[in-house]
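Residue numbering for the sequence shown follows my numbering, beginning at 457 and increasing consecutively.
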Amino acid sequence: MMTRRQFNATASAALLVPSVTTVGARAAAWPTRVVRIIVPFAAGGPTDVIGRIVGEQLSKTWGQQVVIENRPGGGTNIANELVVHSEPDGHTVLMGGQSQATTRALYRSLNYDPIGDFAPVAFICGYSFFMFVPNSLPVKSVREFVAYAKANPGKLALASPGTGSSPHLCGELFKHMAGIQMVHVPYRGAAPATGRSGRGCPARRPARRFCSSGRLASVRWH
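The following block contains the structure:
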């Protein structure tokens, strides 16, 4: 069983490579060509932004070009499979996260092992989630939101970066604990989820510009 500490650690980003990457590839001069960082979400979300910051610094350090490739969809399975089946020479890496810990429990059939087929390279960062709602919704606190949701069952949507993502699981846990109903609407990343729906538990960065423009409001705890 996953502990609370282990679950909290899944709301993070890390670099991973196929576990069969050869010893020879690691020992030789590396990298010798363009390095691809595969991001399993759409551009503009926290994982994408972090990947671009890391990629820019790695490119300066290595003296080789680092390219960010966004491969959203399939609950991160599209990106995961791409990396697993890539040439195991260390030139294709995954900007992974909690899906490595939860995918096996969410999908009955996978074409890869989300744990055994990857080798961790580095822990990059951890980040928190925030709850945002449209400014048109008459709530300012979590308590008010729960009361509104109970008075309007099934009329609210829970936007997430994708099925099985950390915000999705966070939202499902919140629904269960609060005893409310919301329709889950998965998107292909945090940026489109925040921009098009505006209800959910996304990371802070993609929602900041919508709060500044007055379209969204963060919900305080009390």
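All residues carry an ideal CB built from backbone N, CA and C; glycine is no exception.
Please report the distance separating the alpha-carbon of residue i from that of residue j.
i	j	result
residue 480	residue 471	Unreliable placement is indicated for residue 480, whose pLDDT of 49 sits below 50; the coordinate value is still reported in the next sentence. Those two C-alpha atoms are separated by around 20 Å.
residue 572	residue 597	42 Å
residue 673	residue 645	20 Å
residue 577	residue 469	11 Å
residue 574	residue 561	17 Å
residue 582	residue 610	32 Å
residue 502	residue 518	24 Å
residue 509	residue 495	13 Å
residue 629	residue 614	12 Å
residue 675	residue 487	45 Å
residue 593	residue 601	9 Å
residue 579	residue 504	15 Å
residue 516	residue 547	16 Å
residue 641	residue 531	13 Å
residue 551	residue 544	16 Å
residue 595	residue 631	17 Å
residue 591	residue 599	16 Å
residue 493	residue 553	13 Å
residue 650	residue 570	27 Å
residue 485	residue 568	29 Å
residue 563	residue 529	14 Å
residue 627	residue 612	12 Å
residue 512	residue 522	7 Å
residue 542	residue 643	26 Å
Is it the case that the Cβ atoms of residue i and residue j are separated by a distance below 8 Å?
i	j	result
residue 524	residue 500	no
residue 538	residue 527	yes
residue 533	residue 558	no
Please check the pair residue i and residue j, which I expect to be a contact at CB under 8 Å, by giving their CB distance rounded to whole angstroms.
i	j	result
residue 623	residue 588	Residue 623 to residue 588, Cβ: 11 Å. No contact.
residue 679	residue 565	No information on residue 679 is available, as it lies outside the stretch 457 to 678 that the chain covers here.
residue 540	residue 474	6 Å
residue 647	residue 498	6 Å
residue 520	residue 490	7 Å
If we require 4 or more residues per run, which alpha helix (DSSP H) segments fall completely within the segment 515-600?
533-540, 555-562
Cβ pair count under 8 Å reaching 3, the segment 624-638 against the segment 598-608
yes
Segments of 4+ residues assigned as alpha helix (DSSP H) that fall wholly inside the segment 617-657:
622-634, 646-652
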